Amino acid sequence: MVVKSDGEVEKFDYKKLQKSLSETFLIVRSPEGQSNEFVRKTLLEFADWQRNKPEITSGDIRRQTGEILQKVHPEAAYIYKNFKSII
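Take 10 as the starting number for the sequence shown in this note's numbering and just add one per residue.
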């Protein structure tokens with residue numbers, strides 16, 4: 010479950026994270042095949058991190074995803090962390 014910034018609780022939706030990651034890689038103009046692989050790796054690592062956590066916050070999602078992206082693609086990590094309003 011995800012606790013959103015307004016206190017609302019909802020089921021975690023990997024499709025939302027996948028969409029946000031895909032948009033991030035579009036912004037940094039990563040080739041499509043490479044972007045798909047980066048998104049896949051990021052989602053897998055995030056799933057491992059999230060697996061035993063009954064509840065996380067939207068801030069946790071953004072921080073952890075940013076950390077994973079930093080290892081995978083630093084430029085994408087910068088965009089993801091700093092341009093929350095556009096992705």
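For glycine and all other residues, C-beta sits at the position ideal for the given N, C-alpha and C. These figures come from a predicted structure and were not determined experimentally.
For K28, the closest of K62, P63, F47 and E76 by C-alpha to C-alpha distance is F47. Counting the other Cβ atoms within 10 Å of the Cβ of L78 gives 16 or more, which makes it buried. In the DSSP assignment, D69 falls within the unbroken alpha helix (DSSP H) covering S67 to V81. In this structure, F55 sits away from L35, with a CB-CB distance that is not shorter than 8 Å. Residue burial is scored here from C-beta neighbours: Y23 has fewer than 16 other C-beta atoms within 10 angstroms and is therefore classed as exposed.
Nearest to V81 by alpha-carbon distance, out of T33, V12 and G16, is T33. Rounded to the nearest angstrom, the Cβ distance from E76 to V12 is 19 Å, too far for a contact under 8 Å.
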